[in-house]
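Beneath this line is the structure, given in structure tokens, with notes to follow.
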Amino acid sequence: MSGVDRFIIPVGETGHSVMAGDTELGGGSKANRFKELALPHLDAVYTLARYLMRNRSDADDAVQECYLRAFSHFDTFRGVSIKPWLFAILRNVCHSVYLEKARLVYGEEIGSEASADPMWREQGDTPEQAVVRRGESETMRRLIDKLPAEFREVIVLREINDLSYRDIALVIEAPIGTVMSRLARARALLRDAWLAAEGGSKGQ
Amino acid sequence: MNCDEAQVLLHALIDGELDAGNAREVEAHVAACPKCAATLSDVQDLRKAIDSRALQFTAPRGLRRNIEGKLPASPATAANRRAILKGFALGATATALAASGLLLMVTREIEQRRVLDEIVSAHLRSLQSDRLTDVVSSDQHTVKPWFNGRLAASPPVIDLTAQGFTLLGARIDYVDARPVAAIVYRRRVHIINLFCEPASSQAETAASMQSLHGFNVRSWGEKGIHLWAVSDINPDELSEFGEKFAAGLSQ
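In order, the protein sequence lines correspond to chains B and C.
Just so we're aligned, residue -6 is where the first sequence starts under the numbering used here, counting upward by one.
Just so we're aligned, residue 6 is where the second sequence starts under the numbering used here, counting upward by one.
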């Protein structure tokens, strides 16, 4: 192989034309194929959006923009697996939203708005699952939310969305070596925070 | 292996990103190094505490409906092509770890295993879809020119029908998000996909046989081309195919 991999990520705006199909392919069949491939990943994309945006309405908007952008550039999608491509588009959408809002992308502390928002309620769990989760997983979710963005995203991609290093590298536009070192640092940070939280809650 | 390397590679070990040889090296280091052993067990504890399913979200129904509603069922314009497209490259230059030859080697191996995965996936896709061939012909003089203008370099197309491998046709496929030539042969009821891509050098690469998900993959390089032959035929027959193709290439 040539040693250089390419992955085209649309970063452009989606205008109103996005809603339109492609005459050559027939709008209907292109849309159907896109739905068939991309919609099964909606929950995974939404999950990443929730962790990147850290609030529900921004996540909703970002996911919607991501899917419209992905659809309008669907004919440039040449990958084998669409999931990392969708993630990469979503990540770009989230970054541009942050820039628009002139907020800091990295190293930002969590706002009170996001932490006041208990996530488990909207998941449609059985009561038993909810009970188990409320404790540990709610804590873990909060700790992940508090990680600086560059570490938060690799944790979410690896631990929650189960991506390979190669796919993570594609999504965050970095070499695999960077993925490895960032993941190592992210886990160290998360573990420290977790131990501190556990100690605090159990009075150890 | 030193501790700095092991501190990073033990994550790759936990995540199943290392091949058997590198995994053994990391394990050997950890076995002899209390500091790295402690890190390894810390990371394993942390991962046990992460319940990935519980940390996932479910997209609200309204959002799903919204997106489905906005995707068209009608034909239209191509104005969206104006959008800026951005490509990016993933090189072998792992900047953060550039100093370590071992880490570079490991990242290269992860890449290679990924390529093997994609080759087998592309083979499977071709069997499942009705797109096994874009051009159907058992005549190499029809198949080869078909690639002109479709790929930067026209791949070698060799008719091996007389040698027991029937040429069925060809198509363009994608491996690692790059277009590659796929030449399709049949051996009895078995399909062989031969993927070709221009190699970065003219140097010959010795053939290697790997197996994944019940498929055999023979990869080799010669005359500036890298080739992967994939099939569910047995390794001996796949080697025979590779050798006959190579013989045809040298003629």
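The C-beta atom is built at its ideal place from N, Cα and C for all residues, glycine as well.
Length-filtered (3 minimum) beta strand (DSSP E) runs lying within the region 20 to 61 of chain C: none
Boundaries (first-last residue) of the beta strand (DSSP E) holding GLU202 (chain C): In the second sequence, the residue the question calls residue 202 (chain C) occupies position 197. Unbroken beta strand (DSSP E) run through GLU202 (chain C): 195 to 203.
Cβ-Cβ separation, ALA179 (chain B) to ILE148 (chain B) (assumed contact under 8 Å), whole Å: Mapped onto the first sequence, residue 148 (chain B) falls at position 155. Mapped onto the first sequence, residue 179 (chain B) falls at position 186. Contact holds; Cβ gap of about 5 Å.
Other residues of its chain near TRP151 (chain C): CB distance less than 6 Å, five sequence neighbours each side excluded: Indexing the second sequence from 1 puts residue 151 (chain C) at position 146. Hits under 6 Å: VAL140.
Inter-residue CB distance, VAL148 (chain C) and LEU109 (chain C) (contact presumed, cutoff 8 Å): Translated into the one-based positions of the second sequence, residue 148 (chain C) becomes position 143. Translated into the one-based positions of the second sequence, residue 109 (chain C) becomes position 104. Incorrect: roughly 39 Å between the Cβ atoms, too far for contact.
Which residues DSSP lists as bridging ASP178 (chain C), in chain order: If you number the second sequence from 1, residue 178 (chain C) lands on position 173. For ASP178 (chain C), which the question treats as bridged, DSSP gives the partners C:VAL185.
Own chain partners of LEU14 (chain C) with C-beta closer than 6 Å, once the 5 adjacent residues on each side are dropped: Your numbering for residue 14 (chain C) matches position 9 in the second sequence. Only VAL31 meet the Cβ criterion.
Nonlocal neighbours in the same chain, by C-beta distance under 7 Å from PHE27 (chain B), ignoring five residues either side: For the purposes of this step, residue 27 (chain B) is taken as the residue at position 34 of the first sequence. Correct list, in chain order: PHE64, PHE67.
Contacting positions in the region 22 to 34 of chain B - beta carbon closer than 8 Å to chain C: ALA24, PHE27, LYS28, LEU32
Closer than 7 Å at the beta carbon, the chain C residues around PHE64 (chain B): Taking the first sequence and counting its residues from 1, the one referred to as residue 64 (chain B) is at position 71. Result: LEU76.
Distance, ILE72 (chain C) Cα to SER79 (chain C) Cα: Working through the second sequence from its first residue, we reach residue 79 (chain C) at position 74. Working through the second sequence from its first residue, we reach residue 72 (chain C) at position 67. For SER79 (chain C), the pLDDT reaches just 41, beneath the cut-off of 50, and the residue's location in the model is therefore unreliable, although a value from the coordinates is still provided. Roughly 15 Å between the two C-alpha positions.
Beta bridge counterpart(s) of MET214 (chain C) as assigned by DSSP: Counting from 1 along the second sequence, the entry for residue 214 (chain C) is found at position 209. Looking at the DSSP assignment, MET214 (chain C) forms a beta bridge with C:ARG223.
Cross-chain neighbours of ARG151 (chain B) in chain C, by beta carbon under 8 Å: Locating residue 151 (chain B) in the first sequence gives position 158, counting from the first residue. ASP20, listed in chain order.
Beta-carbon proximity list for ASN27 (chain C), same chain, < 6 Å, skipping 5 on both sides: The residue given as residue 27 (chain C) occupies position 22 in the second sequence. Around ASN27 (chain C): VAL111.
For THR171 (chain C): DSSP bridge partner residues: As a first step, residue 171 (chain C) must be located in the second sequence, where it is residue number 166. Partner(s): C:ARG191.
Identity of the residue in B:VAL38, B:LEU45, B:PHE70, B:TYR44 nearest VAL56 (chain B) by Cα: On the first sequence, position 63 is the one that residue 56 (chain B) refers to. Taking only the C-alpha atoms, the option nearest VAL56 (chain B) is B:VAL38.
Whether ILE230 (chain C) touches PRO184 (chain C) by CB criterion (8 Å): As a first step, residue 230 (chain C) is located in the second sequence; it is residue number 225 there, counting from the start. As a first step, residue 184 (chain C) is located in the second sequence; it is residue number 179 there, counting from the start. In this structure, PRO184 (chain C) does not lie closer than 8 Å to ILE230 (chain C) by Cβ.
Interface positions of the region 43 to 56 of chain B facing chain C (Cβ-Cβ less than 7 Å), listed along the chain: When CB distances to chain C are screened at a threshold of 7 Å, the residues of the region 43 to 56 of chain B falling below it are ARG43, ASP53, VAL56, in chain order.
Selected residue, minimal CA-CA separation from ARG159 (chain B), among C:THR63, C:LEU232, C:ARG118, C:GLY253: What you label residue 159 (chain B) is simply residue 166 of the first sequence in a count that begins at 1. Residue C:ARG118 is the option with its Cα nearest to ARG159 (chain B).
Cβ of VAL13 (chain C) within 8 Å of any chain B Cβ: Residue mapping note: residue 13 (chain C) aligns to position 8 of the second sequence, counting from 1. Chain B, which has a Cβ nearer than 8 Å to the Cβ of VAL13 (chain C), makes this yes.
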